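There are 2 protein chains.
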Amino acid sequence: MPKRKSNMKTQLMKLIFSTVAMLTLVVGGAASAKAQEPLPSWNDGPAKQAILAFVKEVTDNKSNPKYVAPEDRIATFDQDGTLWVEHPMYTQVMYCLERVPSLVEKKPELKNIEPFKSVLSGNREAMAKLPMKDLEKILAATLTGMSVDQFSAEVKEWLATAKHPRWDRLYTELTYQPMQEVLQYLRANGFKTYIVTGGGQDFVRVYAERVYGIPPEQVVGTMGGTKYGYEKDGKPFLTKEPKLLLNDNNAGKPEGIHLMIGRRPYAAFGNSPGDRQMLEYTKAGDGPRLAMLVLHDDAKREYAYGPAQGLPDTKVGTFTQALYDEATKNGWTVISMKNDWKRIFAFEN
Amino acid sequence: MPKRKSNMKTQLMKLIFSTVAMLTLVVGGAASAKAQEPLPSWNDGPAKQAILAFVKEVTDNKSNPKYVAPEDRIATFDQDGTLWVEHPMYTQVMYCLERVPSLVEKKPELKNIEPFKSVLSGNREAMAKLPMKDLEKILAATLTGMSVDQFSAEVKEWLATAKHPRWDRLYTELTYQPMQEVLQYLRANGFKTYIVTGGGQDFVRVYAERVYGIPPEQVVGTMGGTKYGYEKDGKPFLTKEPKLLLNDNNAGKPEGIHLMIGRRPYAAFGNSPGDRQMLEYTKAGDGPRLAMLVLHDDAKREYAYGPAQGLPDTKVGTFTQALYDEATKNGWTVISMKNDWKRIFAFEN
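This is the structure we're talking about:
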């Protein structure tokens with residue numbers, strides 16, 4: 197009997213210790229999560245505060261009328277100039293231009309035809325000045341006419357080696373660390389994060405999951421048609437067609453959001469007039485909505501363009517004075533890269 | 197001292213009891229989950245076994261080469277005839293026909309114009325015989341030309357009262373309980389479930405979340421364009437335009453899947469030739485893929501149409517002999533409603 201009693205005691209003590217260990221783990225976990233403040237690459241200021249206040253308001257208290265149910269928590273992000281560098285040229289345009297030599301190899305008849313001839317000459321200045329209709333010819337020729345799988349493989353291969361001329365780093369390294377933190381912070385608070393880009397939907401999907409943690413089905417972009425067909429052995433495949441379904445810029449952004457998501461976002465982030473309608477549409481919803489614009493005002497660490505600098509419009513989407521005025525009028529928060537961001541890139545110290 | 201010792205003992209006993217209570221909850225929860233076998237409305241047979249074996253294969257063991265990462269677990273479901281009743285007419289077509297009187301009220305000039313005149317006469321037989329081009333006119337007139345919010349509100353209102361003539365029940369009650377269980381079972385195993393329907397994307401989105409647990413962004417359907425504009429007070433809104441972006445039938449299904457999801461499904465469910473390409477595309481992927489076809493062979497509990505009955509093709513998507521042959525050839529599993537399903541609807545005993 198005493199033996200048995202002692203055994204029982206040992207069992208009980210083990211149980212107690214394991215309980216205490218469990219409690220320690222739980223409490224310790226909560227403490228370490230608290231120690232990691234959100235948005236560490238942001239300086240304290242109105243932009244950071246706007247994000248924190250918005251998230252608190254929509255998630256904190258179910259009985260608050262401003263509370264937003266988890267399934268409705270949609271946040272949309274423009275890509276070029278909002279999540280990563282868009283200067284001196286959109287990454288996708290760089291890709292298309294650099295694909296021209298291998299395109300001409302397969303179709304030598306293009307060699308002496310404009311705009312392919314100019315691109316082959318390698319004159320970057322001439323390329324930068326290509327009129328839109330020539331650029332569209334190059335985009336159509338390099339982004340369509342192959343299977344979706346072949347296209348993905350080609351983009352993936354290019355991204356593994358192509359580098360930005362200024363930083364001599366892969367384009368996928370040139371994402372803004374503070375915006376990566378916003379993506380993570382929103383997701384940690386139950387938001388589904390989407391990219392809503394003027395860039396090609398299929399192009400961005402190749403790297404969005406790896407680079408931003410955003411899966412292909414959460415990338416909304418300029419959409420081209422595909423065509424279902426069969427290989428000789430009967431295996432089905434999809435070919436990228438030169439047919440535009442939706443230009444996901446300007447009014448196309450809310451239209452693309454309705455098409456692909458079917459819900460109005462609660463938060464939207466952009467940087468150029470191409471994002472204006474997305475921000476308007478987001479803000480026009482009931483309850484608390486967050487609309488933010490990234491202002492490129494940091495010539496030293498990145499680039500400065502737009503109204504704060506009095507710079508002329510450049511070829512890439514420019515944050516114009518008119519957009520700045522609309523932001524002020526509509527309660528959109530402007531993010532100053534210079535003042536709001538402690539660092540721009542993850543590779544900085 | 198004895199007092200204190202006794203207090204400590206009480207504290208310890210409380211701790212033990214709460215631990216035991218916690219353990220009981222955990223173990224009890226697991227036991228009750230086990231007691232709830234998956235797919236309870238399915239009879240044991242090859243169809244149920246195919247689903248269980250597929251899910252086990254792709255989720256069971258990470259080191260198994262057939263294991264599928266959670267982010268890749270995509271399952272697509274046709275709606276009409278696969279998830280709910282499609283006879284005697286697609287629900288959406290019923291909706292459009294029943295909208296005609298209120299449409300004519302707003303546009304009296306349509307009153308004496310075909311096909312609106314025929315529809316107003318209320319002759320169901322004549323309506324059932326409307327040629328496709330007339331049906332398209334009715335669809336365009338009743339599905340477009342209003343804001344997306346107004347459209348959703350109208351559909352919601354209609355669904356709250358419109359009833360199926362045979363069962364005298366709301367259309368949304370006529371979902372197949374065994375398929376609801378497949379949706380739940382796949383989701384419980386990490387799958388994202390999508391509807392991929394020939395029906396209107398915006399129409400199905402109105403009820404898909406409530407009826408199937410499928411959110412709007414996971415509804416792929418026939419897609420129309422929208423147009424961004426402003427109300428007099430400056431508030432932006434989207435208008436449904438009579439512009440077809442994608443007919444999500446036949447080859448349109450894999451094209452729509454690529455557009456909206458950007459990944460090939462691992463499992464696909466259909467019931468008609470309109471689903472053929474979706475099933476082919478799914479099956480053509482690497483590794484284990486599940487393709488299933490619902491065969492309507494239960495005239496008593498639902499309807500019988502298609503090859504098993506030697507019935508002629510009807511207006512709604514029909515499981516043809518050719519499809520049956522392709523299923524056999526390609527290793528698709530045919531679900532017999534009569535033999536594989538214990539019950540068809542949730543309201544049955």
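Those protein sequence lines, which keep their order, are chains A and B.
Position in the first sequence (first residue = 1) + 196 = the numbering used here.
Position in the second sequence (first residue = 1) + 196 = the numbering used here.
We put the CB at the ideal spot given by N, CA and C, even for glycine.
Here the structure is a predicted model, which is why all the values come from computation and not from measurement.
Handout entry: C-beta neighbour in chain B for MET290 (chain A), strict 8 Å
Key = The residue you call residue 290 (chain A) lines up with position 94 of the first sequence. Taking Cβ atoms only, chain B never reaches closer than 8 Å to MET290 (chain A), which makes this a no.
Handout entry: Where the alpha helix (DSSP H) through ILE247 (chain A) begins and ends
Key = Your numbering for residue 247 (chain A) matches position 51 in the first sequence. Note, ILE247 (chain A): alpha helix (DSSP H), 242-255.
Handout entry: Close-in-space but distant-in-sequence residues of the same chain around LEU455 (chain A) (CB under 7 Å, 5 per side omitted)
Key = Indexing the first sequence from 1 puts residue 455 (chain A) at position 259. So the list reads LEU442, once near-sequence residues are dropped.
Problem - Local Cβ density within 10 Å of LEU486 (chain A), reported as buried at 16 or more and exposed below that - result: Residue 486 (chain A) sits at position 290 when you count from the first residue of the first sequence. LEU486 (chain A) should be labelled buried.
Handout entry: Partners in chain A for ILE391 (chain B), counting only beta-carbon separations shorter than 8 Å
Key = For the purposes of this step, residue 391 (chain B) is taken as the residue at position 195 of the second sequence. Simply none; closest approach about 12 Å.
Exercise for the section: Check each candidate in A:TYR462, A:ILE457, A:LEU379, A:THR435 and name the one with the smallest Cα separation from GLY417 (chain A). Expected result: Position 221 of the first sequence, counted from the first residue, corresponds to residue 417 (chain A). Selected option, being the one with the closest Cα: A:ILE457.
Exercise for the section: Report the neighbours of MET456 (chain B) on chain A: residues whose CB is nearer than 9 Å to its CB, in chain order. Expected result: Translated into the one-based positions of the second sequence, residue 456 (chain B) becomes position 260. The answer, in chain order, is GLU413, LEU455, MET456.
Handout entry: Residue-level contact to chain A via CB, LYS431 (chain B), 8 Å cutoff
Key = Numbered from its first residue, the second sequence carries residue 431 (chain B) at position 235. So yes, LYS431 (chain B) belongs to the interface.
Practice task
Quick one: grab the DSSP three-state call for LYS496 (chain A).
Solution key: One-based indexing of the first sequence puts residue 496 (chain A) at position 300. LYS496 (chain A) falls in the coil class under three-state DSSP.
Problem - Contact list for the region 431-451 of chain B against chain A, Cβ threshold 9 Å - result: The residues in question are LYS431, PRO432, PHE433, LEU434, LEU441, LEU442, ASN446, ALA447, GLY448, LYS449, PRO450, GLU451.
Practice task
Could you name the residues of chain A that TYR477 (chain B) contacts, counting a contact when the two beta carbons are closer than 7 Å?
Solution key: Translated into positions along the second sequence, residue 477 (chain B) becomes position 281. Those are PRO432, listed as they occur along chain A.
Problem - The beta strand (DSSP E) enclosing VAL415 (chain A), as first and last residue numbers - result: Locating residue 415 (chain A) in the first sequence gives position 219, counting from the first residue. Run containing VAL415 (chain A): 415-426, per the beta strand (DSSP E) assignment.
Problem - Candidates A:GLU369, A:GLN346, A:TRP363, A:VAL344, of which the one nearest ALA356 (chain A) by Cα - result: Reading the first sequence from its first residue, position 160 is the one you call residue 356 (chain A). That would be A:GLU369, whose Cα lies nearest to the Cα of ALA356 (chain A).
Practice task
Taking only beta-carbon positions, decide if VAL344 (chain A) is within less than 8 Å of chain B.
Solution key: To locate residue 344 (chain A), count along the first sequence from 1; it is residue 148. Chain B contact via Cβ: present.
Problem - Euclidean distance between Cα positions of ASP536 (chain A) and THR389 (chain B) - result: Position 340 of the first sequence, counted from the first residue, corresponds to residue 536 (chain A). Position 193 of the second sequence, counted from the first residue, corresponds to residue 389 (chain B). When rounded, the distance between both Cα atoms is 40 Å.
Problem - Neighbour flag for ALA518 (chain A) against chain B, beta carbons, 8 Å - result: Looking up residue 518 (chain A) in the first sequence gives position 322. No, ALA518 (chain A) lies away from the interface with chain B (no Cβ there is under 8 Å from its Cβ).
Practice task
Using the Cα positions of LEU248 (chain A) and ASP471 (chain A), report the straight-line distance between them to the nearest angstrom.
Solution key: Residue mapping note: residue 248 (chain A) aligns to position 52 of the first sequence, counting from 1. Residue mapping note: residue 471 (chain A) aligns to position 275 of the first sequence, counting from 1. The alpha-carbon atoms of LEU248 (chain A) and ASP471 (chain A) are separated by roughly 22 Å.
Exercise for the section: Measure how close the beta-carbons of VAL187 (chain B) and ILE453 (chain B) come, nearest whole angstrom, since I'm counting them as under 8 Å. Expected result: Only positions 197 to 545 of chain B appear in this structure, which leaves residue 187 (chain B) out of reach.
Problem - Stretch pair the region 459-468 of chain B + the region 273-280 of chain B: three plus CB contacts closer than 8 Å - result: Judged by Cβ distances under 8 Å, the region 459-468 of chain B makes contact with the region 273-280 of chain B, as three or more pairs qualify.
Practice task
Kindly say whether ARG194 (chain A), judged by its beta-carbon, lies nearer than 8 Å to any beta-carbon of chain B.
Solution key: Residue 194 (chain A) lies beyond the residue range present for chain A, which begins at 197 and ends at 545; the question has no answer from this structure.
Handout entry: Residues within the region 465-497 of chain B neighbouring chain A, beta-carbon criterion of under 7 Å
Key = GLN473, GLU476, TYR477, ALA480
Handout entry: 9 Å Cβ cut-off: residues of chain B touching THR422 (chain A)
Key = Working through the first sequence from its first residue, we reach residue 422 (chain A) at position 226. Taking a Cβ-Cβ cut-off of 9 Å, the neighbours of THR422 (chain A) in chain B comprise PRO450, GLU451, HIS454, LEU455, given in sequence order.
Problem - Beta carbon proximity, MET323 (chain B) to chain A, threshold 8 Å - result: As a first step, residue 323 (chain B) must be located in the second sequence, where it is residue number 127. Chain A, which has no Cβ nearer than 8 Å to the Cβ of MET323 (chain B), makes this no.
Problem - Near-chain A residues of the region 256-273 of chain B (beta-carbon distance less than 7 Å), N- to C-terminal order - result: GLU267
Practice task
Count the other CB atoms, across all protein chains shown, that sit within 10 Å of the CB of GLY241 (chain B); report buried if there are 16 or more and exposed otherwise.
Solution key: To locate residue 241 (chain B), count along the second sequence from 1; it is residue 45. Looking at its Cβ environment, which holds fewer than 16 other Cβ atoms inside 10 Å, GLY241 (chain B) is exposed.
Problem - Top-ranked residue by Cα proximity to GLU353 (chain B), from B:ALA324, B:GLU310, B:ARG295 - result: The residue given as residue 353 (chain B) occupies position 157 in the second sequence. Considering only alpha carbons, the answer is B:ARG295.
Exercise for the section: Pull up the distance between the alpha-carbon of GLN245 (chain A) and that of TRP238 (chain A), whole angstroms please. Expected result: Position 49 of the first sequence, counting from 1, holds the residue named residue 245 (chain A). Position 42 of the first sequence, counting from 1, holds the residue named residue 238 (chain A). Looking at the backbone, the Cα of GLN245 (chain A) and that of TRP238 (chain A) are separated by about 10 Å.
Practice task
Determine the DSSP secondary structure at TRP537 (chain B), reduced to helix, strand or coil.
Solution key: Locating residue 537 (chain B) in the second sequence gives position 341, counting from the first residue. In this structure, TRP537 (chain B) counts as strand in the three-state DSSP scheme.
Handout entry: Per DSSP, the bridge partner or partners of SER468 (chain A)
Key = Numbered from 1 along the first sequence, position 272 holds the residue referred to as residue 468 (chain A). None; SER468 (chain A) has no bridge partner.
Practice task
Would you check if the distance between the CB atom of ILE540 (chain B) and the CB atom of GLN373 (chain B) is smaller than 8 Å?
Solution key: Translated into the one-based positions of the second sequence, residue 540 (chain B) becomes position 344. Translated into the one-based positions of the second sequence, residue 373 (chain B) becomes position 177. For ILE540 (chain B) and GLN373 (chain B), yes; Cβs fall inside 8 Å.
Handout entry: DSSP three-state assignment for MET285 (chain A), whether helix, strand or coil
Key = Residue mapping note: residue 285 (chain A) aligns to position 89 of the first sequence, counting from 1. Of the three classes helix, strand and coil, the one that applies to MET285 (chain A) here is coil, per DSSP.
Problem - Terminal residues of the beta strand (DSSP E) in which PRO438 (chain A) lies - result: Sequence index remark: in the first sequence, residue 438 (chain A) carries index 242 (1-based). PRO438 (chain A) -> beta strand (DSSP E) spans 432-442.
Exercise for the section: Measure the beta-carbon distance from VAL344 (chain B) to THR422 (chain B) and round it to whole angstroms, keeping in mind my assumption that it falls under 8 Å. Expected result: Here the question's residue 344 (chain B) lines up with position 148 in the second sequence. Here the question's residue 422 (chain B) lines up with position 226 in the second sequence. Correct: roughly 6 Å between the Cβ atoms.
Handout entry: Rounded C-alpha distance that separates VAL254 (chain B) from ASN319 (chain A)
Key = On the second sequence, residue 254 (chain B) is found 58 positions in, with the first residue counted as 1. On the first sequence, residue 319 (chain A) is found 123 positions in, with the first residue counted as 1. Each residue's CA atom was taken as its position, placing VAL254 (chain B) and ASN319 (chain A) some 51 Å apart.
Problem - Proximity test, Cβ basis, 8 Å: MET328 (chain B) and chain A - result: As a working mapping, residue 328 (chain B) is identified with position 132 in the second sequence. Not closer than 8 Å to any Cβ of chain A, the Cβ of MET328 (chain B) fails to qualify, so no.
Practice task
Please check the pair ARG459 (chain B) and THR478 (chain B), which I expect to be a contact at CB under 8 Å, by giving their CB distance rounded to whole angstroms.
Solution key: Reading the second sequence from its first residue, position 263 is the one you call residue 459 (chain B). Reading the second sequence from its first residue, position 282 is the one you call residue 478 (chain B). Actually they do not touch by this definition, with Cβ atoms about 11 Å apart.
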